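Asks: Would you mind keeping the following structure in view while I ask a few things?
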Amino acid sequence: MALLSARDIHKKYDDTEVLKGIDLDIEQSEVVALIGASGSGKTTFLRCINLLEEYHQGRIELEGESIGYTASGRRRKLGERQISAQRAKIGMVFQSFNLFPHMTAEANVMLGLTKVRGMSNAEAADRARHWLDRVGLADRRRHYPYQLSGGQQQRVAIARAVAMEPRLMLFDEVTSALDPELVAEVLAVMQDLARSGMTMVVVSHEMLFVRDVATRVVFMDGGLVAQSGTPDEVLHNPQTERLRSFLGRFHGIFGPV
Amino acid sequence: MIAYNFNWAVIWRNWDAFLGALALGLGLAVVSLVIGTIIGLFLAYARLSPSPWISRPAWAYVEFIRNTPLLLLIFFVYFGLPEIGIYNLDKIQSFILTLSGYAAAYMCEVFRAGLASMPRAYGEAAKAIGLRPWQRQRHVVLPVMFRITLPAVSNNLISLFKDTSLAAAIAVPELTFTARQINANTYRVIECWLTASALYLVTAYAIAIALRQVEKRYAVVR
């Protein structure tokens, strides 16, 4: 059974349908890159997975458990308590870091551990230290977000999400807001996570990263999955004109060989 | 040529009375701010409620208070409550009730603006780690909102402190009332009012400086 399975996901904003029936299965330890032009629905789909967006039709299951909505009978949103518990199994990292600005790096990581996982402060501090160390910020534990660079903030955000030991990690264009020289340090942390077997869904425009780290690339176009396959298949053998022209923007690195 | 002979000895003789009265006024302002903050927070959430049955009454209360003179409210509560059978409030309690209710309306507007200007990003990050709705408010939204609104809260405290002078109208022995009494007993008009003014000025300014330090300490939201 797939770790995550999405079936026929439809989402509308008013009269505009932005997701027109997404089907996607993600296996344990896969690193799936969602690529596509802006407006293709990749970020919206990512946000549907942990219920930051509601969707109007379709079903998402994590390890067989229906996420966000009732599994059978009339389609109904689950209670806040249940949705919160489900979100705790899915980590998410945002484009704009979204660290809690009034807390140190360490406290940012600890909050979910103590309040959601019910750990003692000592346990949570231990684990926060472990993960901040792992993302290379052992010496920045007591710093507040405003005292950290964008790359450092994003690494704290990754530590905060991963420390919860989620079943699945979602990355929403996590390097798009960074200065070019800070991108590599964040990608390195993500690559390290991928190697450790973490299941990841990554929305990214970093095509070299996608090529080297993703186990599968999914090209989205107009709210649908247009092509899906290994990086080699998708990046070097685009099956549609849309994908060819999308890849053409990356200065001829990709496209038909 | 001004023909006025200053006699500051009168002031020094009554110095303790001045200071005691000042302390009372400050106490009234702080207590009212605390109560007003708590009520104001509930009012702010009520005003942001999607249900008109909750948001409309809160809106009406805030507009009523903000568009009515404080002195009138003080009289209304002090003379009005006994008329409807509530006798057990002394004048200090009556004044605290009024000033708290008055502060609540202003704090409501401060908090409402603070909550409305909160970036959604923080709430979403709190959702993403699995915090429940109340936990998100308690650990993320409110702490950030308080820090954002701290300068406005400081201004309100200074305003409330100066507004305590209106308690003189119902004979609460705060600074303005006390200055008037000493003035009546000694006929030292200029000295009494100069002293009272100076005490208000110095205290309000000291509060401003102290709170600026607090703001700096907590200004981690940039």
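Chains as they are written, first to last, in the working numbering: chain A, -18 to 238; chain F, 68 to 289.
All C-beta atoms in this analysis are idealised placements derived from N, C-alpha and C, irrespective of residue type, glycine included.
Every value quoted in this text rests on a predicted model; they were computed, and no experiment measured them.
1) Which full runs of the alpha helix (DSSP H) of 4+ residues lie inside the stretch 169 to 222 of chain F, going along the chain?
2) What are the residues of the stretch 189 to 206 of chain F that lie near chain A, defined by any Cβ-Cβ distance shorter than 8 Å?
3) Using three-state DSSP, classify S161(F) as helix, strand or coil.
4) Name the residues in the stretch 64 to 76 of chain A whose C-beta lies less than 9 Å from a C-beta of chain F; which are they?
5) Using a C-beta to C-beta distance shorter than 7 Å, which residues of chain A count as neighbours of P124(F)?
6) What does DSSP give as the partner residue(s) for R197(A) in the beta ladder?
7) Measure the beta-carbon distance from S47(A) to R56(A) and round it to whole angstroms, keeping in mind my assumption that it falls under 8 Å.
8) According to the neighbour-count rule (16 or more other Cβ atoms, all chains shown, within 10 Å of its Cβ), is V238(A) buried or exposed?
9) Would you identify the three-state DSSP class for Q128(A), choosing helix, strand or coil?
10) Taking V211(F) as the query, report the chain A residues whose CB atoms sit under 9 Å from its CB, ordered along the chain.
11) What does DSSP give as the partner residues of D202(A) in its beta bridges?
12) What residue from R279(F), S116(F) and C175(F) has the CA that sits closest to L100(F)'s CA?
13) Cβ of L95(F) within 9 Å of Cβ of V239(F)?
14) Just the C-alpha distance for V97(A) and G60(A), rounded to the nearest angstrom, thanks.
15) Extract the residue ranges of the alpha helix (DSSP H) inside the stretch 126 to 174 of chain A, only unbroken runs of 4 or more that lie entirely within it.
16) Just to confirm my understanding: we take L89(F), look at its own chain, exclude 5 residues before and 5 after, and list those with CB closer than 7 Å. What are they?
17) At a cut of 8 Å, does the stretch 161 to 170 of chain A reach the stretch 85 to 99 of chain A through at least three beta carbon pairs?
18) Output yes if chain F places a C-beta closer than 9 Å to the C-beta of V238(A); else output no.
19) Taking C-beta pairs closer than 9 Å, name the residues in chain F that R176(A) reaches, listed in chain order.
20) So if DSSP puts L93(F) in a beta bridge, which residue, or which two residues, is it bridged to?
21) In terms of residues, what are the limits of the alpha helix (DSSP H) holding I78(F)?
22) With DSSP as the reference, please indicate the residues paired to E42(A) in a beta bridge.
23) Is there a C-beta anywhere in chain A that falls below 9 Å from the one on Y285(F)?
24) What number of angstroms, rounded off, separates the C-alpha of A144(A) from the C-alpha of L129(A)?
25) Which residues, in chain order, does the stretch 85 to 106 of chain A contribute to contact with chain F at a C-beta distance below 7 Å?
26) Can at least three beta-carbon pairs, one atom from the stretch 67 to 78 of chain A and one from the stretch 104 to 120 of chain A, be found at a separation below 8 Å?
27) Give, in chain order, every residue of the stretch 120 to 141 of chain A whose Cβ lies closer than 7 Å to some Cβ of chain F.
28) Over the uninterrupted alpha helix (DSSP H) stretch that includes G291(F), give me the two end residues.
Replies: The relevant details are as follows:
1) Listed in chain order, the complete alpha helix (DSSP H) runs (minimum 4 residues) inside the stretch 169 to 222 of chain F are 187 to 195 and 200 to 203.
2) Within the stretch 189 to 206 of chain F, the residues whose Cβ lies closer than 8 Å to some Cβ of chain A are Y189, E191, A192, A193, K194, A195, I196, G197, L198, R199, P200, Q202 and H206, listed in chain order.
3) Along the second sequence, read from residue 1 onward, the residue named residue 161(F) stands at position 94. Looking at S161(F) - three-state DSSP - the assignment turns out to be helix.
4) Of all residues in the stretch 64 to 76 of chain A, only I64, S65, A66, Q67, R68, A69, K70, I71, G72, M73, V74 and F75 place a beta-carbon less than 9 Å from a beta-carbon of chain F.
5) As a working note, residue 124(F) is residue 57 in the second sequence. Neighbours of P124(F) on chain A: none; closest Cβ ~26 Å, over 7 Å.
6) By 1-based counting over the first sequence, the position of residue 197(A) is 216. In DSSP, R197(A) forms a bridge with V13(A).
7) For this step, residue 47(A) is matched to residue 66 along the first sequence. For this step, residue 56(A) is matched to residue 75 along the first sequence. Under the criterion of beta carbons closer than 8 Å, S47(A) and R56(A) do not qualify as touching, at roughly 10 Å.
8) As a first step, residue 238(A) must be located in the first sequence, where it is residue number 257. Because the pLDDT of V238(A) is 48, which lies under 50, any placement of that residue in the model is unreliable, and the question is left without a value.
9) Counting from 1 along the first sequence, the entry for residue 128(A) is found at position 147. Note: Q128(A) maps to helix in three-state DSSP.
10) Here residue 211(F) refers to the residue found at position 144 when the second sequence is read from its first residue. By Cβ distance, chain A contributes F81, P82 and H83.
11) Taking the first sequence and counting its residues from 1, one reaches residue 202(A) at position 221. Note: D202(A) sits in a beta bridge opposite L205(A).
12) The residue labelled residue 100(F) in the question sits at position 33 within the second sequence. Comparing Cα-Cα distances from L100(F) to each of R279(F), S116(F) and C175(F), the minimum goes to C175(F).
13) Stepping through the second sequence from its first residue, residue 95(F) is reached at position 28. Stepping through the second sequence from its first residue, residue 239(F) is reached at position 172. Yes. Within cutoff.
14) Working through the first sequence from its first residue, we reach residue 97(A) at position 116. Working through the first sequence from its first residue, we reach residue 60(A) at position 79. The alpha-carbon separation between V97(A) and G60(A) amounts to approximately 16 Å.
15) Correct list: 131 to 143.
16) Locating residue 89(F) in the second sequence gives position 22, where the first residue counts as 1. The residues L242, L266 and T270, in chain order, have a CB closer than 7 Å to that of L89(F) in the same chain once the five nearest residues on each side in sequence are set aside.
17) Contact between the stretch 161 to 170 of chain A and the stretch 85 to 99 of chain A is absent, because fewer than three Cβ pairs lie under 8 Å.
18) Position 257 of the first sequence, counted from the start, is the residue given in the question as residue 238(A). At V238(A), the pLDDT of 48 sits below 50, so the modelled position is not reliable and the matter cannot be decided from this model.
19) To locate residue 176(A), count along the first sequence from 1; it is residue 195. By Cβ distance, chain F contributes nothing, its closest Cβ being about 23 Å from R176(A), past 9 Å.
20) On the second sequence, position 26 is the one that residue 93(F) refers to. L93(F) pairs with nothing; no bridge assigned.
21) As a first step, residue 78(F) is located in the second sequence; it is residue number 11 there, counting from the start. It spans A76 to R80 - the alpha helix (DSSP H) in which I78(F) sits, taken as one unbroken run.
22) On the first sequence, position 61 is the one that residue 42(A) refers to. Note: E42(A) sits in a beta bridge opposite S(-14)(A) and S47(A).
23) Indexing the second sequence from 1 puts residue 285(F) at position 218. So, interface residue.
24) The sequence position of residue 144(A) within the first sequence is 163, counting from 1. The sequence position of residue 129(A) within the first sequence is 148, counting from 1. So the two alpha carbons sit approximately 20 Å from each other.
25) For the stretch 85 to 106 of chain A, the set of residues with a beta-carbon nearer than 7 Å to any beta-carbon of chain F comprises L92, G93, K96 and V97, in chain order.
26) No, because fewer than three Cβ pairs between the stretch 67 to 78 of chain A and the stretch 104 to 120 of chain A fall closer than 8 Å, the two stretches do not touch.
27) Flagged, chain order: Y125, Y127 and R141.
28) Since the first residue of chain F shown is 68 and the last is 289, residue 291(F) is not available in this structure.
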